[in-house]
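*Asks:* In my numbering, the protein residues as written are 1 to 251.
Note that beta-carbon positions come from the ideal geometry of N, C-alpha and C, so glycine has one too.
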């Protein structure tokens, strides 16, 4: 069996219990070496074969999987965060389907959750934003035309930008073409949940400068939106006057 596993955002103890157990039992591990915390490899058993996919192509990754499966071995494909976000897992799964090889998928804690925790923030605040947009700037890899940052920014929703910390000046300019203003709160979270985690709060108008001042140009998430401010409405869920399935509201 081949197990796709989300390693979590960085801290080794933020992998799920299921993911950790599968990792301990694996005969072969292929891990995303550019982002997965290598401390997680300490969970592997003696004799486990370990491959760093940062140095491999899709074809080379599949070759390892096919070889292991032919020998009756268990393989773990260890991706950063949750592999459903920028994990490039679909192309691997489609190839495994064509080859008739069995696999499953264990979710993980995404770094966008780790970033919110680092900032003690909530993306969905009553009266502020009830939507979260997860995207990235177009770079060497393009994005669909309809998903340009300027277009997404028109919503003014809570936004999390992956893979964009190296283009902060351009990102800032694109975001300002939408509903945000130069005073809209923003933040940079470098290596969320890792020991070297760094958080920088700023405004959208000072985003690029904040990155330069703090030496942040990669491995960081960019968060933008009024959810980072202090003003919001109290939730109805815990309002004593609000009736729910479980309690009667009272004046």
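What is the DSSP secondary structure of residue 93, reduced to helix, strand or coil?
*Replies:* As a position in the chain shown, residue 93 is number 93, starting the count at 1. Residue 93 falls in the helix class under three-state DSSP.
*Asks:* Rounded to the nearest angstrom, what separates residue 227 and residue 160 at their Cα positions?
*Replies:* Counting from 1 along the chain shown, the entry for residue 227 is found at position 227. Counting from 1 along the chain shown, the entry for residue 160 is found at position 160. Each residue's Cα considered, the two are about 12 Å apart.
*Asks:* I'd like to check one pair, residue 164 with residue 136: are the Cβ atoms closer than 8 Å?
*Replies:* The count along the chain shown starts at 1 and reaches residue 136 at position 136. The count along the chain shown starts at 1 and reaches residue 164 at position 164. Yes, they are a contact pair.
*Asks:* Is residue 183 buried or exposed, if buried means 16 or more other CB atoms sit within 10 Å of its CB?
*Replies:* Numbered from its first residue, the chain shown carries residue 183 at position 183. Classification for residue 183: exposed.
*Asks:* Given a threshold of 16 other Cβ atoms within 10 Å of its Cβ, counted over all protein chains shown, does residue 215 qualify as buried or as exposed?
*Replies:* Residue mapping note: residue 215 aligns to position 215 of the chain shown, counting from 1. Result: exposed.
*Asks:* Please tell me whether residue 68 and residue 44 are closer than 8 Å, where the distance is taken between their beta carbons.
*Replies:* Walking along the chain shown from the start, residue 68 turns up at place 68. Walking along the chain shown from the start, residue 44 turns up at place 44. No. Outside cutoff.
*Asks:* Applying the 10 Å Cβ sphere with the 16-neighbour rule, what's the burial state of residue 129?
*Replies:* Translated into the one-based positions of the chain shown, residue 129 becomes position 129. Flag for residue 129 reads buried.
*Asks:* Is it true that the segment 231–249 meets the segment 108–128, where meeting means three or more beta-carbon pairs spaced less than 8 Å apart?
*Replies:* Segments in contact, yes.
*Asks:* Given this structure, state the Cα-to-Cα distance separating residue 72 from residue 90, to the nearest angstrom.
*Replies:* Numbered from its first residue, the chain shown carries residue 72 at position 72. Numbered from its first residue, the chain shown carries residue 90 at position 90. The alpha-carbon atoms of residue 72 and residue 90 are separated by roughly 23 Å.
*Asks:* Mind checking which residues open and close the beta strand (DSSP E) that includes residue 187?
*Replies:* On the chain shown, position 187 is the one that residue 187 refers to. That run of the beta strand (DSSP E) goes 185–190.
*Asks:* How would you label residue 174, buried or exposed, when you count the other beta carbons within 10 angstroms and need 16 or more for buried?
*Replies:* Locating residue 174 in the chain shown gives position 174, where the first residue counts as 1. Flag for residue 174 reads buried.
*Asks:* When DSSP builds the beta bridges, which residues end up paired with residue 32?
*Replies:* In the chain shown, the residue the question calls residue 32 occupies position 32. According to DSSP, which records beta bridges pairwise, residue 32 is partnered with nothing at all.
*Asks:* Between which two residues does the beta strand (DSSP E) harbouring residue 6 extend?
*Replies:* Locating residue 6 in the chain shown gives position 6, counting from the first residue. Its beta strand (DSSP E) spans residues 2–6.
*Asks:* Could I get the ranges of all uninterrupted alpha helix (DSSP H) runs contained in the segment 171–232, with 4 residues as the minimum, in chain order?
*Replies:* Segments of the alpha helix (DSSP H) lying fully in the segment 171–232: 207–213.
*Asks:* Could you check whether the segment 53–61 touches the segment 24–39, counting it as contact only if at least three pairs of C-beta atoms, one from each stretch, sit closer than 8 Å?
*Replies:* With the cut-off at 8 Å, the segment 53–61 and the segment 24–39 touch.
*Asks:* Residue 246 bridges to which residues according to DSSP?
*Replies:* Position 246 of the chain shown, counting from 1, holds the residue named residue 246. None; residue 246 has no bridge partner.
*Asks:* Could you pull out every residue in the same chain whose Cβ sits closer than 8 Å to the Cβ of residue 66, ignoring the five residues on either side in sequence?
*Replies:* The residue given as residue 66 occupies position 66 in the chain shown. Only 99, 101 meet the Cβ criterion.
*Asks:* With H, G and I counted as helix, E and B as strand and the rest as coil, what does DSSP make of residue 109?
*Replies:* Translated into the one-based positions of the chain shown, residue 109 becomes position 109. Three-state DSSP puts residue 109 in coil, outside helix and strand.
*Asks:* Cβ of residue 15 within 7 Å of any heavy atom in the ligand PLP?
*Replies:* This structure does not include the ligand PLP; it has no bound ligands of any sort.
*Asks:* Name the DSSP beta bridge partners of residue 161, please?
*Replies:* Locating residue 161 in the chain shown gives position 161, counting from the first residue. Beta-bridge pairing links residue 161 to 135, 222.
*Asks:* Start and end of the alpha helix (DSSP H) containing residue 58?
*Replies:* Here residue 58 refers to the residue found at position 58 of the chain shown. That run of the alpha helix (DSSP H) goes 58–70.
*Asks:* Look up residue 235 in the DSSP assignment and say whether it is helix, strand or coil.
*Replies:* Numbered from its first residue, the chain shown carries residue 235 at position 235. Here residue 235 sits in coil by DSSP.
*Asks:* Does DSSP put residue 101 in a helix, a strand or coil?
*Replies:* In the chain shown, counting from the first residue as 1, residue 101 sits at position 101. Of the three classes helix, strand and coil, the one that applies to residue 101 here is coil, per DSSP.
*Asks:* Assuming residue 212 and residue 9 form a contact by the criterion Cβ under 8 Å, report the distance between their Cβ atoms to the nearest whole angstrom.
*Replies:* Along the chain shown, read from residue 1 onward, the residue named residue 212 stands at position 212. Along the chain shown, read from residue 1 onward, the residue named residue 9 stands at position 9. Incorrect: roughly 24 Å between the Cβ atoms, too far for contact.
*Asks:* Given that a residue counts as buried once 16 or more other Cβ atoms are within 10 Å of its Cβ, and exposed if not, what is residue 246?
*Replies:* Locating residue 246 in the chain shown gives position 246, counting from the first residue. Exposed, since its Cβ has fewer than 16 Cβ neighbours within 10 Å.
*Asks:* What are the boundary residues of the beta strand (DSSP E) that includes residue 15?
*Replies:* Within the chain shown, residue 15 is the residue found at index 15, counting from 1. Unbroken run through residue 15: none, as it is neither H nor E.
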